[in-house]
Structure formats: C-alpha cells, structure tokens
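Chemist:
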Amino acid sequence: MYDPEDAGFESDPFDPDDVVWVCGVDYVAGWRDATDAGGQLAEALTSAGFDTAGLEWQAKTDADGAGRVRLVLSAAAAHDVAALVRAVARLGKAS
C-alpha cells in the first residue's frame with residue numbers, strides 16, 4: 000500500500016479538542032477520506048515524475064464533516080503542476 004508520508008504528505012493526528020462537534024456529523028470519516036485522497040494525489044504526482052519533496056500536505060475536515068486536502072507549494076512547483084496537467088489534457092484531446 001502507498002504510504003502518503005513517502006511523498007511529504009503530513010496528516011495531523013485527529014484531535015477532537017480542535018473542533019466544535021455537531022451531533023451526527025462523522026468528522027473522523029471525512030479526515031480519513033482526506034488522508035486517503037491526499038495520498039492518492041501524492042502517488043499520482045510521484046508516478047508522473049513530479050518531485051513532491053517540497054510540497055506540504057494536510058488532511059482536514061469542514062464543519063459538515065467533508066474531508067479537505069490542503070496543498071501548499073512554491074510558485075515554481077505550481078508552474079510545474081500546471082504544465083503536468085496541461086500535458087495530460089493534451090494527451091486526452093489527442094486520443
């Protein structure tokens with residue numbers, strides 16, 4: 000299985016004291032989903048040859064329990080990711 004930490008994905012441990020709880024909202028499931036999604040994104044970028052060493056990742060949840068992945072990258076890395084996405088888009092149009 001892919002370990003998100005291999006690509007610089009940092010997931011803070013879920014801390015119930017950091018959130019205001021709303022009865023019936025499954026925050027842990029959202030956090031787990033965000034952790035998994037961040038790992039999948041890191042794996043996809045790595046397999047595409049992108050160096051993820053300088054990226055910062057965080058798994059979070061919204062007030063409604065939806066998972067969120069925060070990605071922080073330098074301007075240079077953002078240019079590289081944009082170029083990668085454009086290249087994939089061109090391949091999709093060519094087929």
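In this text, residue positions in the sequence shown follow numbering that gives the first Met the number 0: the first is 0, and each later residue adds one. Even for Gly, the Cβ is constructed at its ideal location relative to N, Cα and C. Predicted model, so just to flag it, every value in this text is computed and none were measured.
Starting from T34, trace the alpha helix (DSSP H) in both directions and tell me its first and last residue.
Modeler: Stepping through the sequence shown from its first residue, residue 34 is reached at position 35. That run of the alpha helix (DSSP H) goes Y26 to S46.
Chemist: Is the beta carbon of T60 sitting closer than 8 Å to the one on A81?
Modeler: Numbered from 1 along the sequence shown, position 61 holds the residue referred to as residue 60. Numbered from 1 along the sequence shown, position 82 holds the residue referred to as residue 81. No; because the gap between Cβ atoms is not below 8 Å, this pair is not in contact.
Chemist: By how many angstroms is the C-alpha of A65 removed from the C-alpha of Q57?
Modeler: Residue 57 sits at position 58 when you count from the first residue of the sequence shown. Residue 65 sits at position 66 when you count from the first residue of the sequence shown. In a straight line, the C-alpha of Q57 is about 14 Å away from that of A65.
Chemist: Where does the unbroken alpha helix (DSSP H) through G91 begin, and where does it stop?
Modeler: In the sequence shown, counting from the first residue as 1, residue 91 sits at position 92. Counting along the chain, the alpha helix (DSSP H) containing G91 begins and ends at A74 to A93.
Chemist: Count the other CB atoms within 10 Å of the CB of G38; is the residue buried (16 or more) or exposed (fewer)?
Modeler: Translated into positions along the sequence shown, residue 38 becomes position 39. Burial call: buried.
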